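Here the structure comes first, spelled out in structure tokens, and everything after it is commentary.
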Amino acid sequence: MAVPESGGRMPYFYTPEGRLAQVDFALQAVGRGSTTIGLKSKEFAIISSQVKPTRSLLEPAEKIFEIDEHVGATGSGYIGDVNTLIDELRLAAQRHRLVYDTPIDMVTLSRGLSQYLHSFTMYTVRPFGASIILAGADELGIQLVQIDPSGTNFKGSGFVIGQYADEALEAIKTGYRPDMTVEQAIALNTTAIEGVNGGKSQIEHGVVRANTKRFERLALAAVEG
Amino acid sequence: MAVPESGGRMPYFYTPEGRLAQVDFALQAVGRGSTTIGLKSKEFAIISSQVKPTRSLLEPAEKIFEIDEHVGATGSGYIGDVNTLIDELRLAAQRHRLVYDTPIDMVTLSRGLSQYLHSFTMYTVRPFGASIILAGADELGIQLVQIDPSGTNFKGSGFVIGQYADEALEAIKTGYRPDMTVEQAIALNTTAIEGVNGGKSQIEHGVVRANTKRFERLALAAVEG
Amino acid sequence: MAVPESGGRMPYFYTPEGRLAQVDFALQAVGRGSTTIGLKSKEFAIISSQVKPTRSLLEPAEKIFEIDEHVGATGSGYIGDVNTLIDELRLAAQRHRLVYDTPIDMVTLSRGLSQYLHSFTMYTVRPFGASIILAGADELGIQLVQIDPSGTNFKGSGFVIGQYADEALEAIKTGYRPDMTVEQAIALNTTAIEGVNGGKSQIEHGVVRANTKRFERLALAAVEG
Amino acid sequence: MAVPESGGRMPYFYTPEGRLAQVDFALQAVGRGSTTIGLKSKEFAIISSQVKPTRSLLEPAEKIFEIDEHVGATGSGYIGDVNTLIDELRLAAQRHRLVYDTPIDMVTLSRGLSQYLHSFTMYTVRPFGASIILAGADELGIQLVQIDPSGTNFKGSGFVIGQYADEALEAIKTGYRPDMTVEQAIALNTTAIEGVNGGKSQIEHGVVRANTKRFERLALAAVEG
Amino acid sequence: MAVPESGGRMPYFYTPEGRLAQVDFALQAVGRGSTTIGLKSKEFAIISSQVKPTRSLLEPAEKIFEIDEHVGATGSGYIGDVNTLIDELRLAAQRHRLVYDTPIDMVTLSRGLSQYLHSFTMYTVRPFGASIILAGADELGIQLVQIDPSGTNFKGSGFVIGQYADEALEAIKTGYRPDMTVEQAIALNTTAIEGVNGGKSQIEHGVVRANTKRFERLALAAVEG
Amino acid sequence: MAVPESGGRMPYFYTPEGRLAQVDFALQAVGRGSTTIGLKSKEFAIISSQVKPTRSLLEPAEKIFEIDEHVGATGSGYIGDVNTLIDELRLAAQRHRLVYDTPIDMVTLSRGLSQYLHSFTMYTVRPFGASIILAGADELGIQLVQIDPSGTNFKGSGFVIGQYADEALEAIKTGYRPDMTVEQAIALNTTAIEGVNGGKSQIEHGVVRANTKRFERLALAAVEG
Amino acid sequence: MAVPESGGRMPYFYTPEGRLAQVDFALQAVGRGSTTIGLKSKEFAIISSQVKPTRSLLEPAEKIFEIDEHVGATGSGYIGDVNTLIDELRLAAQRHRLVYDTPIDMVTLSRGLSQYLHSFTMYTVRPFGASIILAGADELGIQLVQIDPSGTNFKGSGFVIGQYADEALEAIKTGYRPDMTVEQAIALNTTAIEGVNGGKSQIEHGVVRANTKRFERLALAAVEG
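Residue numbers (the numbering used here), protein chains in the order written: chain A, 2 to 226; chain B, 2 to 226; chain C, 2 to 226; chain D, 2 to 226; chain E, 2 to 226; chain F, 2 to 226; chain G, 2 to 226.
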């Protein structure tokens, strides 16, 4: 009982158990977002996000965003929050080019987003209700990073956020091969997303490759072809 | 019980379920507004809004607004909130002309409104109690966008907000034809609004056409004629 | 029960039904003010406000205010709030003359007051507890506008605010003639106000005429004469 | 029950009945102050305030204040609040002389105090717990104004604030003669104050005359002589 | 019940009875301070304060403070609050000398402290928990002023604040003679303080004389001698 | 019941009894700190503080701090709060040397700390949870001052703060001799601290002597030798 | 009951027992972090932190951070909080080099972090939910410091924070030898961490040596080799 009380009234403070209730609640918002996957091999990184089935006459929402030539991002959670974070990332990338005249590296980009998200857990009324997956290529090669509402970031070869994230992650872990091709990765992500969402889904993908250091959103048609 | 408590006291924070209660409540305010429809074909976009039946001696409220030569808007929810958002849109369009000497494009216009609305969910005492539909023509052709109190925006060919939105949307989805004429679209919107509001209604319409790239409010008489 | 709770504690936030409780409560304050009427024909607009019966030795409060040569206003609700809004209107009219060297038009004047009132529903501790009726003459002719605590404004030919507004409005709607004279309008307003307030009342009137574009407060004696 | 709750917690907001509870409570503070009267004829205005019976060794508090050569004031309520308002009035009068090189007129002076008091009902933690009566002479002749904690001001020929204000007002209304002399007015005020406070009271008086346009505090001895 | 509730939660606001609860509570803090007396004749003013019996190895706290050559002060209540007010007084006196090159007069000094204390009842979290008695000599002769937590100031010939103030005041009122000598006044204050505190007390005294216009703290020994 | 309520919610305000609850609670924090003693004779002042028994591998916390060449300090309460206050004292001493080129005197130093602590009771969320004892030598000789969370300071020859302060003070009062030597004072403090803490304790001492005007921390070994 | 109430509502204030509830709760957050150890001999300091077992496809989080050439750090608690503190430390070290052109000493570095953490207990909505262990080499030799959420810092030869800290500390205390080698220290830390976490764990280590004054993170492989 103590937890919802504490949570409902002054949710930024710690609960007696030492938990930041609002950050936990924000993660619940992420958990209602569309299933979203990031996958990385040495040669490329793929980000894929289910485009939630929309009614007719409604264009599907954009789920894969180019941050800069060499970085893409996707997210899950409150759409308004995801979009604001994407804007922050694009601004950070442009500022870096203006100041240093070089593409932003993935550590600077993801650490900056972490700090931005973290500051909202210390100073403001609510943390962001969104997690972000970044896929990029820099001097250190292909990189895949997930950043949470608390500002925590994770590096790895496979991430799933959003609805049914745990189940989809199982599929990814089982199907992952370090030497897979882009096409195989897309197929794996597609299978994982469709598996947990009950069949045929519209999915957007984006890919960044080690050899070109270019991020590109994949046309939906191109994927199916 | 925990939810209204939490909602009533510090409504900006997340509920334990990870929902932003005030944004949900603001959508309720939108749901009490007059039934308002946006429809798009390749050649034009129509926005139509029921003018709530008013008592005698009272002029019906303006529901269709010209934002700039090439963009119109309508909204549903608290009238004071709708009007303030319309002002914001007009200012954004004028500023763009002043700075860049070109008409504002629909992405910049709608994204700006999204950010404006979103900031009210992060920093202030309440989100706006209004949703907006934008209809405009730019380099990318005819565009129709709906923006919600959370700052989320949607693109599509058909939107309904306000009272009985769900029922009216069904009528729109059934009657929509990609190759319809402006007159047919007006008739469809009229039917949909009158169908859910129990017969003959006063409705304002606005149209923007691909060939002229001009938005015009349609005189009520012209519609009936 | 949830509504007064929510209303009593953090009244600026939405109730679960999506209502702005403090704005609703502020309207209650307006509903306790003196019965106040605005009436418009093509040739003139009349604003009339009951001067609440005062004890001896007390001068009746001024209820009809000249905003500028061509605009008058009246209001109902908390007197301190009405007076502050009248000051805002006068300032706006003077500023307009200083900057543009022309009399302020009614749309600019009423829209400015709307924005002022609306901002108090978004940023401050309470909305104003007063509604205003503006009567003026500009390039578009005679205009009559009512502005509410939420910042909503209405145009029309007949408005009643304050105590017994609904009953008095019925009398106005029944008695209204588009071609009535100023004298007939004054008589109608007087009848409506006295009808709901139980007989002989002291009433202040103000009139703006299309031909002179001048607003004038009518001396109490002149009315009775 | 709902009203004290609402009042006790966030008293600046409206109660569900549309009342500003703190302003009402502040008026209660005024109602505990010493009985204070303002009286006006064409030739003069008198302000009189009971000096609450003090214990021996304590000088009676000053109750009649000169604001400027041509204006005097008195007040009832929290002494600290009355004094702060008197300071505001004196500052306003001096500023006016500095800027315009003329004595401040009564409308500017009383309207300024109204705005000052009103702003404390919109932006701060509590309204002032004091009402003020101003007596002055300007181009428009002798003027008498009462200003309340809400910033409302009243003009008239007779005001009573403070303890037993209603009863004392009855005495004033009965005894008032438009053509009375200063001495008769002082006698009337004295009778009214002593009548409600149970006999012989120490009373301070101040008078401003039309012919001299000078305000003067009357020595206690002079009154009794 | 309503009063402590209201008082405990948002104590700056008025109670329904129109009382400023925190100011009342602050007076309770003063009522726990050491018994402190001010006495005035035409020739001198004496301030005397019991030095609360302290344990061995602890120096008695200073209770009589020189503010400037011609003014002394004492206080009762929270020691930290008294000291801060003494600092304010000393600063005001020094500032006055710097700006006007004359000793500060008692009205300016006491009115400034009143305003300082009053502002804490309007803008901050708590009023000061201390009352001050000022004894000084200026152009108007010997003056004695008491200032309360609300910013109210009193002038008179005899004041008592702190513990058992009412009882001690009775003794002062009985024993007071307008033509007493400094020695007699000291004896009277001593008797009054010891009478209410149960016998032999350590008491600090300060005196300001009309002829010298000098304030001096009296050495404890000098008193007993 | 009323007191903890009031204390738990808006603890800076006065309780109905006129107490500052948070200051009282902060003193409880001091009462949990390590037993700490200050002792003064004409020739020297000693400050001694028990170093709470620590586990192996942990260095005992420093309890005696040099503020400047001629002043030392110790404290009891929250370690983070004590350290911040020590920093404030060191800064004040250095600033004084920079501005006046003389060592800071004890009145200026202790009064400054009092003001710093007092301001936290008026303007911020919590008072400091620490008391400080200062021992120094200046033009007025050896001085010993204790400053409490409320900003109150005490001068004397013997102080005890922290755990079992009352019992230890009894021992100090009994054993104190005005003509004791530094060694006897150290022995007395040691006995007092060990007596209330159940035997052999690690104790840090610091001494300032009248002849050298130098403060020195005593090495633990030197004490035992 | 009083404590969680007080804690849940205004957790920054003291509880009636004089405890800072939020600081206590923040320590609970630290107690859920990964088991983390610091060990010091005269020749070196080792910091070791369990890398919480992660799922496949996820890179283990970095737990050992180089702050500067001669200082390393590790932490336990909320990852976002730990990372922000590490950033603060790195900035402080860089600033010191820029301003003084020398490596920062351990006292300045750890005291700065203490002040930073302490300020969050006085001025902001929550203290950091993380403790930090610093290992460095400066003019005073090898130093090991632990800093808590309250800003308290400890010096010593052995610290354990995070999950099962008490149990792991027992193992450290038993196994610690002042003359052990780096390899023996790593083995001891490994045993202690694995002992409380139920067997084979992935552990990161960092070492700073007295002779080189260099901090280096140890490759995981190097440890196992």
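Note that beta-carbon positions come from the ideal geometry of N, C-alpha and C, so glycine has one too.
From a predicted model like this one, the values you see are computed outputs, not experimental measurements.
ask   = Taking 8 Å as the CB-CB limit, is leucine 59 of chain E close to chain F?
value = yes
Discussion item. Tell me which residues share the same chain as leucine 141 of chain G and place their Cβ nearer than 6 Å to its Cβ, disregarding the 5 neighbours each side in the sequence.
Written reply: none
Sort out for me which residues DSSP pairs serine 77 of chain A with in a bridge. A:Ser132
Best match in D:Val24, D:Ile204, D:Met181 for proximity to tyrosine 79 of chain C [C-alpha to C-alpha]:
D:Val24
*If you follow the alpha helix (DSSP H) that asparagine 246 of chain B is part of, which residue opens it and which one closes it?*
The shown model of chain B, from 2 to 226, leaves out residue 246 of chain B, and the question about it has no answer.
Give me the chain G residues within the contact set of threonine 85 of chain F, using Cβ-Cβ distance strictly less than 9 Å, ordered along the chain. Ser115, Gln116, His119, Ser120, Met123, Gly152
Restricting to Cα atoms, I'd like to know which of G:His97, G:Lys201, G:Gly159 is closest to lysine 174 of chain G. G:Gly159
- Query: Going by the CB atoms, is the gap between glycine 157 of chain A and leucine 170 of chain A shorter than 8 Å?
  - Reply: no
ask   = alanine 166 of chain G to leucine 114 of chain G, Cα distance in whole Å?
value = Cα-Cα distance, rounded: 22 Å.
TODO: Compute the Euclidean distance between the alpha carbons of threonine 153 of chain B and arginine 91 of chain G, then round it to the nearest angstrom.
DONE: In a straight line, the C-alpha of threonine 153 of chain B is about 38 Å away from that of arginine 91 of chain G.
task: With a 10 Å radius around its C-beta and 16 neighbouring C-beta atoms as the bar for buried, classify valine 100 of chain A as buried or exposed.
output: By the 10 Å Cβ count, valine 100 of chain A comes out exposed.
Q. What is the residue span of the alpha helix (DSSP H) that histidine 119 of chain C lies within?
A. 107–123
Measure the CB-CB distance between alanine 211 of chain G and isoleucine 133 of chain G and report whether it falls below 8 Å.
Between alanine 211 of chain G and isoleucine 133 of chain G, the gap from beta carbon to beta carbon reaches 8 Å or more.
Bridge partner(s) assigned by DSSP for histidine 206 of chain F: F:Ser49, F:Leu219
*State the Cα-Cα distance for the pair arginine 178 of chain E and serine 111 of chain E, rounded to the nearest angstrom.*
25 Å
According to the neighbour-count rule (16 or more other Cβ atoms, all chains shown, within 10 Å of its Cβ), is tyrosine 124 of chain G buried or exposed? Classification for tyrosine 124 of chain G: exposed.
Subject >> Buried/exposed call for serine 7 of chain G, threshold 16 Cβ in 10 Å >> reply: Confidence at serine 7 of chain G is low in this model, with a pLDDT of 29, below 50, so its placement is unreliable and the value that follows should be read with caution. That one is buried.
Q.
Is there a Cβ of chain D sitting closer than 8 Å to that of glycine 19 of chain E, yes or no?
A. For glycine 19 of chain E, the answer is yes, since a Cβ of chain D falls inside 8 Å of its Cβ.
Listing by chain order, which chain C residues have their CB less than 8 Å from the CB of arginine 96 of chain B?
Simply none; closest approach about 17 Å.
By Cβ distance, which residues of its chain are closer than 7 Å to tyrosine 117 of chain B, with the 5 residues on each side in sequence left out? Here the set comprises Glu89.
- Message: Does glutamate 171 of chain A come out as helix, strand or coil in the three-state DSSP assignment?
- Response: helix
How would you list, in chain order, the residues of chain B whose beta-carbon sits under 9 Å from the beta-carbon of leucine 173 of chain C?
One point to set straight first is that residue 173 of chain C is isoleucine, not leucine, in the sequence displayed. Simply Leu58.
Please state the DSSP three-state secondary structure of aspartate 82 of chain E. helix
Please say whether glycine 76 of chain B and isoleucine 87 of chain B have beta carbons closer to each other than 8 Å? yes
Exercise for the section: Report buried or exposed for threonine 191 of chain C, applying the criterion of at least 16 other Cβ atoms within 10 angstroms of its Cβ. Expected result: It is buried - the Cβ of threonine 191 of chain C has at least 16 other Cβ atoms within 10 Å.
#### Entry: Partner residues on chain G for glutamine 23 of chain F, Cβ-Cβ distance less than 9 Å
Phe14, Tyr15
*Own chain partners of methionine 107 of chain E with C-beta closer than 6 Å, once the 5 adjacent residues on each side are dropped*: Gly137, Asp139, Gln144
Residues in the same chain with beta-carbon distance under 6 Å from glutamine 147 of chain E, minus the five sequence neighbours each way, listed in chain order, please. Counting only Cβ-Cβ distances below 6 Å, and skipping sequence neighbours, we find Ile134, Phe155, Phe160.
What would DSSP say about phenylalanine 14 of chain D, mapped onto helix, strand or coil? coil
### Query
Is it true that the CB of glycine 130 of chain F sits closer than 8 Å to the CB of glycine 19 of chain G?
Taking 8 Å as the Cβ cut-off, glycine 19 of chain G and glycine 130 of chain F qualify as a contacting pair.
**Q.** Option in D:Leu189, D:Thr213, D:Lys214, D:Arg215 with minimal Cα separation from alanine 50 of chain D
**A.** Correcting the residue type first, residue 50 of chain D is serine in the shown sequence and not alanine. It is D:Leu189.
Report task. In angstroms with no decimal places, state the Cα-to-Cα distance between alanine 223 of chain E and valine 208 of chain E. Result -> In this prediction, alanine 223 of chain E has a pLDDT of 43, which is less than 50 and means its spatial position is unreliable; what the coordinates show is noted afterwards. Looking at the backbone, the Cα of alanine 223 of chain E and that of valine 208 of chain E are separated by about 13 Å.
> Given that arginine 127 of chain E touches chain F, what residues does it touch there, using C-beta distances under 9 Å?
Replying inline: Tyr13, Phe14, Tyr15, Leu21, Thr122, Met123
How many Å lie between alanine 172 of chain B and glycine 39 of chain B at the Cα?
-> Taking the straight line from one Cα to the other gives about 13 Å.
Measuring alpha carbon to alpha carbon, tell me which of F:Phe45, F:His119, F:Leu58 ends up nearest histidine 71 of chain F. F:Phe45
| request: Compare the C-beta of tyrosine 165 of chain F against all C-beta atoms of chain E and say whether one is closer than 8 Å. | output: no
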